[in-house]
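In the UniProt record's numbering, the protein residues as written are 1 to 166.
We treat Cβ as the ideally placed atom computed from N, Cα and C, and that holds for glycine.
Please read these numbers as outputs of a predicted model, since none were measured by experiment.
A quick write-up on the structure given underneath.
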């Protein structure tokens, strides 16, 4: 693997990259393959930022009920000067019209769980949005029990989400 910043040890380069605001990370991924790997696909940068209190809190909102009856996901960077909501693109098509989905954030990822449609049974599917790569993916391990209501508890344990009905 090439060094992150030529002439600097990788730990010093990581120290520098960790101080770039999260809203600029999509630009960092365009600089080089090694930067793309550090910013987008490894947890090294996220772990470093968290360890040194450099992580930033963003607000996510799952909205629905507009005229098309489709869901949209938005993100707000409260540290930005503009402080405007930005649409998170690529919400899985299967989730666009589902009702009763659970929505939870854990680290740099957001999860959509369960739900059902007018003509669909409850599902055990889980989808994950990774902010570092700005993409949604299906999670390999589905929920143990299909869920069809947003009125359930979501408990966070180290690196795990647990859902149960009230």
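Distance from residue 60 to residue 105 at the Cβ level is roughly 6 Å; contact confirmed, criterion being Cβ atoms closer than 8 Å.
Selection 19, 122 and 30 evaluated against residue 99 yields 122 as nearest (Cα-Cα).
When beta bridges are read from the DSSP output, residue 113 appears opposite 102 and 126. In this structure, residue 87 lies away from residue 101, with their beta-carbon atoms at least 8 Å apart. For residue 34, no beta strand (DSSP E) segment is defined; the enclosing uninterrupted segment is the alpha helix (DSSP H) at 33-36. Short of 6 Å from the beta carbon of residue 58, and not among the five residues preceding or following it, lie these beta carbons of its own chain, in chain order: 75 and 77.
The Cβ-Cβ distance between residue 146 and residue 117 does not fall below 8 Å. Per the C-alpha coordinates, the member of 143, 126 and 144 positioned closest to residue 137 is 126.
Under DSSP, residue 72 takes part in a beta bridge, and its partners are 63.
Of 43, 7 and 33, the smallest CA-CA separation from residue 18 is found for 43. In this structure, the straight-line span from the alpha carbon of residue 140 to that of residue 129 is close to 13 Å.
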